[in-house]
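Student:
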Amino acid sequence: MEQHSEQPEQTGTADDQHYDVHEVEARWQQGWEDLQPFTADDAAVLSGEREKRYALTMFPYPSGDLHMGHAEVTALHDVIARYWRQRGYEVMNPMGWDSFGLPAENAAIRNDAHPADYTYGNIDTQFESFQKYAVSFDWTRRFNTSDPDYYRWTQWLFLRLREKGLAYRKNSPVNWCPNDQTVLANEQVVDGACERCGAEVTKRELTQWYFRTTAYAQELLDSLDDLQSTWSTKVVNAQRNWIGRSEGAHVDFVVAGREEPMTVYTTRPDTLFGATFMVVAADAALADELVTDARRPAFEAYREEVRRSTEIERQSTERPKTGVDLGVTATNPLTGAEIPVYAADYVLADYGTGAIMAVPGQDQRDWDFAQVFGLPVVRTVQPPEDWEGEAFTGDGPAINSANDDIDLSGLSVEDAKRTTIAFLEERGLGRGTVNFRLRDWLLSRQRYWGAPIPIIHCPVDGEVAVPDDQLPVTLPELRGADLKPKGVSPLGAATDWVDVECPTCGGPATRDTDTMDTFVDSSWYMFRYCSPHDDTRAFDSDLVNAWMPCDIYIGGDEHAVLHLLYARFFTKALRDLGLVDFDEPFAAYLSQGKVINNGRKMSKSLGNGVSLGGQLADYGVDAVRLTLVFASPPEDNIDWADVSPAGSLRFLQRAWRLAGDVTSEVGVDASAGDEALRKVTHRTVHEAAELVEGHRFNVMVARTMELVNAVRKAIDSGPGGADPAVREAVEAVAVLLSLVAPYTAEEMWARLGHEPSVANAGWPTVDEALLVEDSVTCVVQVKGKVRARLEVSPDVSDADLEAAALADPAVQKAIDGAPVRKVIVRAPKLVNIVV
1 MEQHSEQPEQ TGTADDQHYD VHEVEARWQQ GWEDLQPFTA DDAAVLSGER EKRYALTMFP
61 YPSGDLHMGH AEVTALHDVI ARYWRQRGYE VMNPMGWDSF GLPAENAAIR NDAHPADYTY
121 GNIDTQFESF QKYAVSFDWT RRFNTSDPDY YRWTQWLFLR LREKGLAYRK NSPVNWCPND
181 QTVLANEQVV DGACERCGAE VTKRELTQWY FRTTAYAQEL LDSLDDLQST WSTKVVNAQR
241 NWIGRSEGAH VDFVVAGREE PMTVYTTRPD TLFGATFMVV AADAALADEL VTDARRPAFE
301 AYREEVRRST EIERQSTERP KTGVDLGVTA TNPLTGAEIP VYAADYVLAD YGTGAIMAVP
361 GQDQRDWDFA QVFGLPVVRT VQPPEDWEGE AFTGDGPAIN SANDDIDLSG LSVEDAKRTT
421 IAFLEERGLG RGTVNFRLRD WLLSRQRYWG APIPIIHCPV DGEVAVPDDQ LPVTLPELRG
481 ADLKPKGVSP LGAATDWVDV ECPTCGGPAT RDTDTMDTFV DSSWYMFRYC SPHDDTRAFD
541 SDLVNAWMPC DIYIGGDEHA VLHLLYARFF TKALRDLGLV DFDEPFAAYL SQGKVINNGR
601 KMSKSLGNGV SLGGQLADYG VDAVRLTLVF ASPPEDNIDW ADVSPAGSLR FLQRAWRLAG
661 DVTSEVGVDA SAGDEALRKV THRTVHEAAE LVEGHRFNVM VARTMELVNA VRKAIDSGPG
721 GADPAVREAV EAVAVLLSLV APYTAEEMWA RLGHEPSVAN AGWPTVDEAL LVEDSVTCVV
781 QVKGKVRARL EVSPDVSDAD LEAAALADPA VQKAIDGAPV RKVIVRAPKL VNIVV
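1 is the number of the first residue of the sequence shown in our numbering; add one for each residue after it.
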């Protein structure tokens, strides 16, 4: 630990009896502004002088001031960042604002303000709040994604991805939010509703821009194996399920009167003998191509009905099956039978080819459809003898699956799959295929507040990229215009902005009027932090490769698929562009829970909202931060009704008073002090390091509280504040509290006679000899209640500990002659007696 031989003048510190949290906060905010203790040194990392740590938390939307969720995530995040700094690492801990997109734009519209004015006003407010909240951010790296200096490079990266074939434009059915009046990516639809506003999502046919995320589907899936030890299981599984790899076959069906066969994807090619009809998604282009003139009126009426339904409704097993016969037949390639083709709502246009072979014997939705339309059922897998169900989806021997060229009879499902695929490939009737649930990322938005797509549409040259030297394509201000969502981009009305010359032929052309999804901005911001003010490139690759991947990333599970998947895609694409040399952006990911109140999500309508500003005014920053960190493990929810910031404040005042009780000199040799207290101190510091690294921050706080109690007891019962062991312990408390309660820690450090800042104190050195325990306290429980505490040897055997527990008078009294059924021994700390 850093030591100083001279005590500086204690100007402006709180007096010995009164700790004014707000006066202390104001003074140290200025002190940190002067000292700049959290500015990361790129040179130290590039040269290898110090080992790096990149701590990143998800940056906020500036749609209002900070709330309890921001307070929780940044308090947890700061424990790690400050701990790494105390351990001697060069730490980069940046912050900025995700300032484009729907959250900021909708908030501005609700407040009858221009998005730029409202957004940047909120950024200023949040910046002041973050400074007050004392998170150790390196503010020299601050930027906003709505700054032209930033989105210039968002547009540049879009063009590089387009050159690689990873950005393209196509016409297809898209998710449409009727409330926000814009398209949504699949990942932004949750249970059939817009993840932003909750409105039910419908389908529209539009020409839109996409990123080809499917090009990396297999790698995105495989790389999760490397992340599963450092990311939460919940998040890894969410990504696996969303990517959704399945193995099956593409099978070609000859359609009567059509040259091109109809190809379907199936995960069960072994059931092909049981395909008695086919179903095409009603909103797929294929259905429109196949329908006969006679059936077209009925088909088009049905298609309009389907488009008013959500995907969740369409896939519900409880939904009655509906459809329309398209008037054509297809030939089953194994049976030779002519089978009818229907359009229906339970098949989705963007799954596989948008068409399925229907096997009612082995699929319940096909069974239900077959019952409604009177279609035949052929079982291809033998159900158990006692089977009383309808479609059988389990394993079993193949039945009714043979012709003159192939016989699957008796084969298991897996063997029948392999045999069928080999036969189809040999005869040119199909091929084995891997399919993914993941779809390409739809990035166009029909809204104003976003990065303009840097494409010009020319009637001669088609889609033309805006030249790099003309970037950024800046947003027109459109002040006074009605920016409320109307289904088309408001940029289309800015004719002076839209109408341009084609960069290729010089003729009249128009800009693309859609803007990019805000998740494009946040898919690469972690790279920009490494060289945030470089105006010659998106980022300095040398610095990015030195600092990244991020060593910790903290955020909520609501982004388990959306943001994290997109950021991973961008990283792999930038690697293949030669801009970075690593595969994943975040080496470790920590999910934080939510702050709720009385068991429910905080909401104005429920009347259970908690004002962060009010809590800070009542109890101070440190008490709120300590409460949030101490309340639970990071991943669990915190119910504000169950915690006590007032209790946290009282604890901090007790810790602060300890520093005033120390009377020994700075630098005194602690080895001459009370050995028992020294053991507690060194054990606490040792355990605190393990607990922080294991993300058990709440237990680390508990150990710090125990140390404060031990110091108070030593001061009150021993030689008082003159004992060198007391100084050592209080200095350790100050460093431990600096991770959670920085204002109190700075005050303690100053009262102890040290130069600021405690953030640079360094982690206390642990004497391994003091970690050896002479004895430990064993808790003895009878019927679940603590009845005795025994001081025993750390290496006591189970048998000896059981005997000692049963012989204890208090335990004997609690047993009261009842027969002992079981004794559970967890030497050396627990004995549980069941009577």
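For each residue, glycine too, the CB sits at the ideal point set by N, CA and C.
Pull up the distance between the alpha-carbon of V820 and that of Q188, whole angstroms please.
Tutor: Here residue 820 is taken as the residue at index 820 of the sequence shown, counted from 1. Here residue 188 is taken as the residue at index 188 of the sequence shown, counted from 1. The alpha-carbon atoms of V820 and Q188 are separated by roughly 58 Å.
Student: With H, G and I counted as helix, E and B as strand and the rest as coil, what does DSSP make of M516?
Tutor: Start at 1 with the first residue of the sequence shown, and residue 516 comes out as number 516. Strand.
Student: Return the residue from the list Q228, D65, A416 that minimises the CA-CA distance to G396.
Tutor: By one-based count along the sequence shown, residue 396 stands at place 396. Answer by Cα proximity: A416.
Student: In whole angstroms, what is the alpha-carbon distance linking A134 and I80?
Tutor: Walking along the sequence shown from the start, residue 134 turns up at place 134. Walking along the sequence shown from the start, residue 80 turns up at place 80. Looking at the two C-alpha atoms, the distance is approximately 14 Å.
Student: Output the boundary residues of the beta strand (DSSP E) element that contains A249.
Tutor: Position 249 of the sequence shown, counted from the start, is the residue given in the question as residue 249. From DSSP, the beta strand (DSSP E) with A249 extends over 245-255.
Student: From which residue to which residue does the beta strand (DSSP E) around P173 run?
Tutor: Here residue 173 is taken as the residue at index 173 of the sequence shown, counted from 1. Residues 167-177.
Student: Based on Cα-Cα distance, which residue from V610, W32, G432 lies nearest to E921?
Tutor: The displayed coordinates of the chain run from 1 to 835. Any statement about residue 921 would go beyond what the structure contains.
Student: If we ignore side chains and look at the alpha-carbon of each, how far apart do G450 and D517 end up?
Tutor: Indexing the sequence shown from 1 puts residue 450 at position 450. Indexing the sequence shown from 1 puts residue 517 at position 517. The alpha-carbon atoms of G450 and D517 are separated by roughly 7 Å.
Student: Rounded to whole angstroms, how far is the Cβ of D41 from the Cβ of S136, which I believe are closer than 8 Å?
Tutor: Locating residue 41 in the sequence shown gives position 41, where the first residue counts as 1. Locating residue 136 in the sequence shown gives position 136, where the first residue counts as 1. With 8 Å as the limit, D41 and S136 do not qualify as a contact, their Cβ atoms being about 15 Å apart.
Student: Going by alpha carbons, who is nearest to Q218 out of I356, G244, G323, P490?
Tutor: The residue labelled residue 218 in the question sits at position 218 within the sequence shown. Among I356, G244, G323, P490, the Cα nearest to that of Q218 is on G244.
Student: Starting from D499, follow the beta strand (DSSP E) in both directions and report where the run begins and ends.
Tutor: Start at 1 with the first residue of the sequence shown, and residue 499 comes out as number 499. Counting along the chain, the beta strand (DSSP E) containing D499 begins and ends at 499-501.
Student: What do you reckon, are the CB atoms on D65 and P94 nearer than 7 Å?
Tutor: Working through the sequence shown from its first residue, we reach residue 65 at position 65. Working through the sequence shown from its first residue, we reach residue 94 at position 94. For D65 and P94, no; Cβs fall outside 7 Å.
Student: Using 8 Å for Cβ pairs, my map puts L326 next to V341. What's the rounded Cβ distance?
Tutor: If you number the sequence shown from 1, residue 326 lands on position 326. If you number the sequence shown from 1, residue 341 lands on position 341. Indeed, because the Cβ distance is near 5 Å, the residues count as touching under 8 Å.
Student: For V372, count neighbouring C-beta atoms within 10 Å of its own C-beta (all shown protein chains included) and say buried if the count is 16 or more, exposed if not.
Tutor: Within the sequence shown, residue 372 is the residue found at index 372, counting from 1. With fewer than 16 Cβ atoms within 10 Å of its Cβ, V372 is classed as exposed.
Student: Please report how far the alpha carbon of L471 lies from the alpha carbon of L161, in whole angstroms.
Tutor: Working through the sequence shown from its first residue, we reach residue 471 at position 471. Working through the sequence shown from its first residue, we reach residue 161 at position 161. Roughly 16 Å between the two C-alpha positions.
Student: Helix, strand or coil for I833? Go by DSSP, reduced to three states.
Tutor: Working through the sequence shown from its first residue, we reach residue 833 at position 833. Strand, per DSSP.
Student: Hey, is the region 346-363 in contact with the region 277-293, meaning 3+ C-beta pairs nearer than 8 Å?
Tutor: With a cut-off of 8 Å, the region 277-293 and the region 346-363 count as touching, because enough Cβ pairs lie within range.
Student: Relative to the C-alpha of F273, which candidate in G336, G817, F569, W153 has its C-alpha closest?
Tutor: The count along the sequence shown starts at 1 and reaches residue 273 at position 273. If we check each option's Cα against that of F273, G336 comes out closest.
Student: On the criterion of 16 or more Cβ atoms from any shown chain inside 10 Å, does A803 qualify as buried, or is it exposed?
Tutor: Counting from 1 along the sequence shown, the entry for residue 803 is found at position 803. The residue is exposed, with fewer than 16 neighbouring Cβ atoms inside 10 Å.
Student: With DSSP collapsed to three states, give me the class of E318.
Tutor: Taking the sequence shown and counting its residues from 1, one reaches residue 318 at position 318. Coil, per DSSP.
Student: Name the DSSP bridge partner or partners of K484?
Tutor: Here residue 484 is taken as the residue at index 484 of the sequence shown, counted from 1. Answer is none; K484 lacks a bridge partner.
Student: Tell me the DSSP bridge mates of T145?
Tutor: Counting from 1 along the sequence shown, the entry for residue 145 is found at position 145. Note: T145 sits in no beta bridge, so no partner.
Student: On the three-state DSSP scale, how would you describe K594?
Tutor: In the sequence shown, counting from the first residue as 1, residue 594 sits at position 594. Correct three-state label for K594: coil.
Student: Could you have a look at N122 and say whether DSSP puts it in helix, strand or coil?
Tutor: Translated into positions along the sequence shown, residue 122 becomes position 122. In the structure shown, N122 sits in a helix (DSSP, three-state: H, G or I).
Student: Taking all protein chains shown into account, decide if W387 is buried (16 or more other Cβ within 10 angstroms of its Cβ) or exposed.
Tutor: Translated into positions along the sequence shown, residue 387 becomes position 387. Under this definition W387 is an exposed residue.
Student: Could you spell out where the alpha helix (DSSP H) holding M705 opens and where it closes?
Tutor: As a first step, residue 705 is located in the sequence shown; it is residue number 705 there, counting from the start. Unbroken alpha helix (DSSP H) run through M705: 697-717.
Student: Quick check for students: name the residue ranges of the alpha helix (DSSP H) that lie wholly in the region 308-372, counting only runs of 4 or more.
Tutor: The qualifying runs are 311-315.
Student: Compute the beta-carbon to beta-carbon distance between F634 and H563, rounded to the nearest angstrom, for a pair I have assumed lies under 8 Å.
Tutor: Position 634 of the sequence shown, counted from the start, is the residue given in the question as residue 634. Position 563 of the sequence shown, counted from the start, is the residue given in the question as residue 563. The question names Phe, but residue 634 in the sequence shown is Pro. At roughly 18 Å, the Cβ-Cβ gap does not stay under 8 Å, so P634 and H563 are not in contact.
Student: Could you work out which residue in W28, H18, Y83 is closest to L736 when comparing CA atoms only?
Tutor: Sequence index remark: in the sequence shown, residue 736 carries index 736 (1-based). Selected option, being the one with the closest Cα: Y83.
Student: Name the DSSP bridge partner or partners of K203?
Tutor: For the purposes of this step, residue 203 is identified with residue 203 of the sequence shown, where counting begins at 1. K203 pairs with N175.
Student: Between which two residues does the beta strand (DSSP E) containing R826 stretch?
Tutor: Mapped onto the sequence shown, residue 826 falls at position 826. It spans 822-826 - the beta strand (DSSP E) in which R826 sits, taken as one unbroken run.
Student: For H70, count neighbouring C-beta atoms within 10 Å of its own C-beta (all shown protein chains included) and say buried if the count is 16 or more, exposed if not.
Tutor: Translated into the one-based positions of the sequence shown, residue 70 becomes position 70. Result: buried.
Student: Measure the C-alpha to C-alpha separation of S757 and V500 and round it to an integer number of angstroms.
Tutor: Numbered from 1 along the sequence shown, position 757 holds the residue referred to as residue 757. Numbered from 1 along the sequence shown, position 500 holds the residue referred to as residue 500. Each residue's Cα considered, the two are about 56 Å apart.
Student: Buried or exposed for E747, going by 16 or more other Cβ atoms inside 10 Å?
Tutor: As a working mapping, residue 747 is identified with position 747 in the sequence shown. Buried, by the Cβ-count rule.
Student: D852: which of W32, V786, S47, T704 sits nearest, CA to CA?
Tutor: The shown model of the chain, from 1 to 835, leaves out residue 852, and the question about it has no answer.
Student: If we count Cβ pairs, one from each stretch, closer than 8 Å, do we get three or more for the region 56-64 versus the region 102-117?
Tutor: Yes, the region 56-64 touches the region 102-117.
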